[in-house]
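K.L.:
Line by line, the protein sequences are chains W and R. Counting along the first sequence from 1, when you hit position 325 you're at 1637 in my numbering, and nothing is skipped either side. Counting along the second sequence from 1, when you hit position 142 you're at 145 in my numbering, and nothing is skipped either side. Beta carbons are placed, not taken as given, at the ideal position from N, Cα and C, and that holds for glycine. One structure follows; several queries about it will come next.
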Amino acid sequence: MAIITPKMMGERVKRREDPRLIQGRATYVDDIKLPGMLHLAFRRSDIAHGIIKSIDVSAAQAMPGVELVITGAELKEFLPPMPIGTPFPSPDHYSVAVDRVRYQGEPVAVVVAADRYLARDAADAIEIEYEPLPAVIDPERAMTGEPAIIHEAFPNNLAVPYVPGGTGFDPVAGTVDNTAVDRSFAEADFVLSQRMLNQRLAPTAMEPRGVVAHYEPGKEHLTIWSSTQNPHILKTFVAALTGTPDNQVRAIAPEVGGGFGCKINIYGEDYVAAALSKKLGKPLKWIEDRSEAFQATIHGRDILAYVDIAAKNDGRVTGLKIKLIADIGAYNMILTAAIPTLTMLMLNGTYDIPAIRAELTEVFTNKMPTDAYRGAGRPEGAYFVERAMDMVARHLNMDPAEVKRKNFIKADQFPFATQMGAVYDSGDYEKTLDLALKNAKWEELKAERDRMRADGRIVGIGLSFYVEVCGLGPSASLPTGGWEYSSVTVERSGKITATTGASPHGQGNETTFSQMLSDQFGIPMNDITILHGDTGVVKQGIGTFGSRSQAVGGTALLKAGEKVKDKMARFAAAMLNPNEETDTSNMVFADGRISFKDAPGQSVAFSDVAAYAYVPVPLPAGMEPGLSDQAFFEPANNTYPYGAHIAMLEIDRETGEPRLLKMLAVDDAGTIINPLIVEGQLHGGLAQGIGQAMIEEVVYDEDGQLITGSFMDYAIPRATDFPWFELDKTVTPTPVNPLGAKGVGEAGTLGSTPCIVNAAVDALSPFGVKHIDMMLRPEK
Amino acid sequence: MANRVPITVKVNGVERSAEVQPRTLLAHFLREDLGLTGTHIGCDTTQCGACTILVDGKSAKSCTLFAVQADGTDITTIEGIASDGELHPVQEGFWEEHGLQCGYCTPGMIMSAIHLLNENKSPSEQEIREGISGNFCRCTGYQHIVNAIKYAANKG
């Protein structure tokens, strides 16, 4: 029977991951049970800052079923400080605090016990005496060294004292020339200034973190299962820190219940589980509970900006100055110090701004460290720039769309080198803006707002236009390497097994990658299996973050597939024309068969070619048996997707409660493999951006106690918090990879926050409000 | 911790007896003792709904029930709703409409949706949103979940 293989790329294909997930048959870390497995519990600091005076573990140790109780000082003997993934200077950061605690929730001691209830009981029975120190909470005060110094080697709590960027900055010489920036401000008709906070957030993957470590003595081999976005990086780091050769470590990311950046990191609990499993020779499990997640999984954002924007009376922006202060918490984690540099990188926004001066300072405080959270530095940049552009429009009483249009980088300016050192790959911003305005019926929307206001309602509309840096990235910009890996094997049966280092956690790569291979090889999707998340199966990899899995991982897959396809074409040619040297460059793979383009009647079954490749009698001259190959793809540049968001928001006159009435987006992520999955990614990004704008904020009190330590106090959005999202797209492929795909996972978090705050300021403008910090609460 | 209490519950149509600590959470009993790991735990405070199951036909959050409280009840978990290899209409809806990404909240979300549709055969969009407001999803923004439940309502 003939197989027909329709084109799959670009189709709304339902996901191959789903059957196991909707039936409760998937295996997450907490579902793993090994014979003889013991459980870990961490005793954490309940103060923000203090010296550990004494730890009494005797009561815990005496409890039946407790195998081991160990303190930070004891662990230090065989577990060095945790490495970071950036070149910035960093204080020693031990998996478990040694002599001083620096944030509430920092691990102080560890229990290993027969079951998790018992481990918890024993952890609670540990007695710790602290000498409290003043908690450093306000980053601007922290910069003066008050009320305490957190790390002795970092005066005035400055983790990164000063990083300049923008026009006139010479990164090689390290010099800053302000001439152009000063001129741009001198030439302006007006300058607007505003302090803005992009507040601290909790990433809140629905599956908390978790780890199972199994060291097998004799074999001297460590297997570690962890809820991670990047098992290969985990393997490398855990091997190094536990002194285990990396070819004796296998890291597995089983089903991963969401990441949003927080599962890029390798945490103290991962290292401790591995080191103690090695010490005890037994499998160990640790599963984070939600209160631990709020305290001890990285937070995101928390960047303060002092913005000055200079413009002409016709709406043309002449210059921008932004001073950034990042409150990074108590330590550097894997990417902590690098995240705010991404904010700097994106301060051009989508505009041809003649001169920009950016300055960044990163500050230690007694809080959980920050790191990558969905968007990771770019939503902050988009927020500051888009708020500033809206301030210009409001000052001039101009339509914000017109101010954007006037300052946009034009379609014929790409590739565009920004003042901040980025090279935007491709774009046609006006086209996307026009579609968004058309879809929103912009003029009617303004009229509707005015009618509602006339009825006494407090209503505003907001517009934003973002660009982000995705498809991370060239190896020059990522210390872990910026490539991605894939392998493709045509099995003897003619089915395909492929592997990818882009380890997914909800992105649907099994589906999109199968769509790609189906088109490439002309066989049904169901004949294709995509393996990921296991360093024992996927030889190399980087991981999934920075909207890179399709743009970088997908391209590695395409390239591995090309190599195998080329070889398979030669086997097929040998079967069709055994006696001739033939040109295989124009062979067609379709409908489960392989043929010559100019002789389609003469074809051979895909599965027959596969069988022949593994029993190649006769073996064609110059060929090896088998159909399996791999590729590493190193992108030459990042990708720069963009889009326009429009919101309408009402504020209740009685209660001050804001309600989102409308949320519309037009995004350009380049080529799209599966529109259904892309919509899902956009919805999820919008949801997190709206959450940030309206209801989410991590709050510590002045003593460094985490006020938002559970879902009772930290609000993540519910289904009732959203209007129906209206999406549309333009498609401007990137020249950076052959797929043309730019990445879409983070997009929704970029446009939504400025757009909603712009709408809120619009709503409150009749009352003279010029700015309001997120989250948008009535008391503000 | 030595004292244990005998309980008998019917889970997905099968009667199960066990001795549990009085403090054992129902979610842990289902997951650890019965091996029904489809019921997930996402918080400790009854907010997130990942652990939602049906107890005597009504949705309940199994992380804030003790196993002993479930003695004598009839429980349905995500593993028990497909029959003879046929997906439940709500499961089918989630698959067709891309109602999930990472899948962690999905079992609880599906159980809440089943409860909702048992109470209201053709809910409006707003009623669906309210019906699942005790379940958090961090991936989807809920829009495709609303579509999934509409799909199931139209089928049922």
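Looking at the unbroken alpha helix (DSSP H) that takes in W/G1522, where does it start and where does it end?
P.N.:
Residue numbering aside, residue 1522 of chain W sits at position 210 when the first sequence is read from its first letter. Element bounds for W/G1522: not the alpha helix (DSSP H) but the beta strand (DSSP E), G1522 to E1528.
K.L.:
Classify W/T2094 as buried or exposed, calling it buried when 16 or more other Cβ atoms lie within 10 Å of its own Cβ.
P.N.:
The displayed coordinates of chain W run from 1313 to 2092. Any statement about residue 2094 of chain W would go beyond what the structure contains.
K.L.:
Under a CB-based cut-off of 8 Å, is R/C54 close to chain W?
P.N.:
Along the second sequence, one-based indexing puts residue 54 of chain R at 51. By this cut-off, R/C54 is not an interface position.
K.L.:
Unbroken beta strand (DSSP E) runs of length 3 or more, entirely within the stretch 11–50 of chain R: which are they?
P.N.:
Entirely contained in the stretch 11–50 of chain R, the beta strand (DSSP E) runs reaching 3 residues are, in chain order, 17–23.
K.L.:
Apart from the five residues just before and just after W/R1965, which ones in its own chain have a Cβ nearer than 8 Å to its Cβ?
P.N.:
To locate residue 1965 of chain W, count along the first sequence from 1; it is residue 653. If we look at W/R1965 and ignore the five residues flanking it on each side, its Cβ neighbours are G1768, R1769 and I1770.
K.L.:
Could you tell me the alpha carbon to alpha carbon distance between R/A156 and R/P126, rounded to whole angstroms?
P.N.:
What you label residue 156 of chain R is simply residue 153 of the second sequence in a count that begins at 1. What you label residue 126 of chain R is simply residue 123 of the second sequence in a count that begins at 1. One C-alpha to the other measures close to 8 Å.
K.L.:
Note down, in chain order, each residue of its chain lying with its Cβ closer than 8 Å to the Cβ of W/A1437, except the 5 sequence neighbours on either side.
P.N.:
Looking up residue 1437 of chain W in the first sequence gives position 125. Excluding residues within five positions, the ones whose Cβ falls inside 8 Å are A1371, A1372 and M1375.
K.L.:
For W/V1568, which residues in chain R fall below 8 Å Cβ to Cβ?
P.N.:
Taking the first sequence and counting its residues from 1, one reaches residue 1568 of chain W at position 256. The contacting residues are C105.
K.L.:
Going by Cα to Cα distance, which pick from W/V1369, W/A1959 and W/L1391 is closest to W/A1421?
P.N.:
Position 109 of the first sequence, counted from the start, is the residue given in the question as residue 1421 of chain W. The residue with the shortest Cα to Cα distance from W/A1421 is W/V1369.
K.L.:
Using the DSSP secondary-structure output, state which residues sit across from W/K1974 in a beta bridge.
P.N.:
By 1-based counting over the first sequence, the position of residue 1974 of chain W is 662. Beta-bridge pairing links W/K1974 to W/M1960.
K.L.:
Report the CB separation of W/A1748 from W/A1956 in whole angstroms; it is logged as a contact under 8 Å.
P.N.:
Walking along the first sequence from the start, residue 1748 of chain W turns up at place 436. Walking along the first sequence from the start, residue 1956 of chain W turns up at place 644. About 4 Å; that satisfies the 8 Å criterion.
K.L.:
CB-CB under 6 Å to W/R1432, same chain, minus the five flanking residues each way: which ones, in chain order?
P.N.:
Indexing the first sequence from 1 puts residue 1432 of chain W at position 120. Answer for W/R1432: A1353, listed in chain order.
K.L.:
Where R/Q129 and W/H1351 are concerned, what is the direct C-alpha to C-alpha distance, given to the nearest angstrom?
P.N.:
For the purposes of this step, residue 129 of chain R is identified with residue 126 of the second sequence, where counting begins at 1. For the purposes of this step, residue 1351 of chain W is identified with residue 39 of the first sequence, where counting begins at 1. Between R/Q129 and W/H1351, the C-alpha separation is close to 43 Å.
K.L.:
In three-state DSSP terms, what is R/H91?
P.N.:
In the second sequence, the residue the question calls residue 91 of chain R occupies position 88. Three-state result, R/H91: coil.
K.L.:
Quick check: the stretch 133–142 of chain R against the stretch 101–117 of chain R, are there 3 or more CB pairs under 8 Å?
P.N.:
Contact between the stretch 133–142 of chain R and the stretch 101–117 of chain R is present, because at least three Cβ pairs lie under 8 Å.
K.L.:
Applying the 10 Å Cβ sphere with the 16-neighbour rule, what's the burial state of W/F2079?
P.N.:
To locate residue 2079 of chain W, count along the first sequence from 1; it is residue 767. Result: exposed.
K.L.:
Of the residues W/P1529, W/P1557, W/I1462 and W/D1762, which one's Cα is nearest the Cα of W/K1594?
P.N.:
Start at 1 with the first residue of the first sequence, and residue 1594 of chain W comes out as number 282. The residue with the shortest Cα to Cα distance from W/K1594 is W/P1529.
K.L.:
Below 7 Å on C-beta distance, what does R/G88 contact in chain W?
P.N.:
To locate residue 88 of chain R, count along the second sequence from 1; it is residue 85. Under the 7 Å cutoff, chain W gives no residues; its nearest Cβ is about 10 Å from R/G88.
K.L.:
What is the DSSP secondary structure of W/Q1942, reduced to helix, strand or coil?
P.N.:
Locating residue 1942 of chain W in the first sequence gives position 630, where the first residue counts as 1. Strand at W/Q1942.
K.L.:
CA-CA distance, W/F1400 and W/A1684?
P.N.:
Within the first sequence, numbered from 1, the residue matching residue 1400 of chain W stands at position 88. Within the first sequence, numbered from 1, the residue matching residue 1684 of chain W stands at position 372. Near 16 Å, if we compare the C-alpha coordinates of W/A1684 and W/F1400.
K.L.:
At a CB-CB cut-off below 9 Å, which residues of chain R make contact with W/K1326?
P.N.:
Counting from one through the first sequence, the residue named residue 1326 of chain W turns up at place 14. The answer, in chain order, is W98, E99, E100 and H101.
K.L.:
What does W/L1513 pair with, by DSSP beta-bridge criteria?
P.N.:
The count along the first sequence starts at 1 and reaches residue 1513 of chain W at position 201. According to DSSP, which records beta bridges pairwise, W/L1513 is partnered with W/G1612.
K.L.:
Taking the alpha carbon of W/M1508 as the point to measure from, which residue in W/I1637, W/V2043 and W/G1992 has its own alpha carbon closest?
P.N.:
The sequence position of residue 1508 of chain W within the first sequence is 196, counting from 1. Answer by Cα proximity: W/I1637.
K.L.:
Return the CA-CA distance between W/E1780 and W/L1333, expressed in angstroms with no decimal places.
P.N.:
As a first step, residue 1780 of chain W is located in the first sequence; it is residue number 468 there, counting from the start. As a first step, residue 1333 of chain W is located in the first sequence; it is residue number 21 there, counting from the start. Roughly 31 Å between the two C-alpha positions.
K.L.:
Tell me the DSSP bridge mates of W/Y1778?
P.N.:
In the first sequence, residue 1778 of chain W corresponds to position 466, counting from 1. Answer by DSSP bridge pairing, in chain order: W/G1955.
K.L.:
Step through the CB atoms of chain W and report whether any lies within less than 8 Å of the CB of R/S136.
P.N.:
Walking along the second sequence from the start, residue 136 of chain R turns up at place 133. So yes, R/S136 belongs to the interface.
K.L.:
So W/V2056 packs on W/A1981, CB below 8 Å; how close in whole Å?
P.N.:
As a working note, residue 2056 of chain W is residue 744 in the first sequence. As a working note, residue 1981 of chain W is residue 669 in the first sequence. That pair is a contact at about 4 Å.
K.L.:
Using C-beta distances below 7 Å, list every residue in its chain close to W/D1489, excluding the 5 sequence neighbours before and after it, in chain order.
P.N.:
One-based indexing of the first sequence puts residue 1489 of chain W at position 177. Around W/D1489: G1480.
K.L.:
If distances are taken between C-alpha atoms only, which option among W/H2083, W/G1913, W/D1878 and W/M1975 comes closest to W/M1935?
P.N.:
Here the question's residue 1935 of chain W lines up with position 623 in the first sequence. Selected option, being the one with the closest Cα: W/D1878.
K.L.:
By the criterion of Cβ-Cβ separation under 9 Å, what are the contact partners of R/Y154 in chain W?
P.N.:
Counting from one through the second sequence, the residue named residue 154 of chain R turns up at place 151. What R/Y154 touches in chain W: nothing, since even the nearest Cβ is about 12 Å away.
K.L.:
Would you mind listing the alpha helix (DSSP H) stretches within the stretch 1574–1620 of chain W that are 4+ residues and don't spill past its ends, in chain order?
P.N.:
Listed in chain order, the complete alpha helix (DSSP H) runs (minimum 4 residues) inside the stretch 1574–1620 of chain W are 1580–1592 and 1602–1608.
K.L.:
Of the residues that make up the stretch 1506–1520 of chain W, which ones have a beta carbon closer than 8 Å to any beta carbon in chain R?
P.N.:
The residues in question are T1516, A1517, M1518, E1519 and P1520.
K.L.:
What first and last residue would you give for the beta strand (DSSP E) that runs through W/P1912?
P.N.:
The sequence position of residue 1912 of chain W within the first sequence is 600, counting from 1. A1911 to A1917 is the extent of the beta strand (DSSP E) around W/P1912.
K.L.:
Using a Cβ-Cβ distance under 8 Å, would W/I1984 count as near chain R?
P.N.:
The residue given as residue 1984 of chain W occupies position 672 in the first sequence. Chain R, which has no Cβ nearer than 8 Å to the Cβ of W/I1984, makes this no.
K.L.:
Comparing the C-beta of W/R1337 with each C-beta of chain R, is any distance below 8 Å?
P.N.:
Sequence index remark: in the first sequence, residue 1337 of chain W carries index 25 (1-based). Yes, because at least one Cβ of chain R sits closer than 8 Å to the Cβ of W/R1337.
K.L.:
Answer yes or no: does any C-beta atom of chain W fall closer than 8 Å to that of R/G94?
P.N.:
Indexing the second sequence from 1 puts residue 94 of chain R at position 91. Here residue 94 of chain R turns out to be Gln, not Gly, going by the sequence shown. Taking Cβ atoms only, chain W reaches closer than 8 Å to R/Q94, which makes this a yes.
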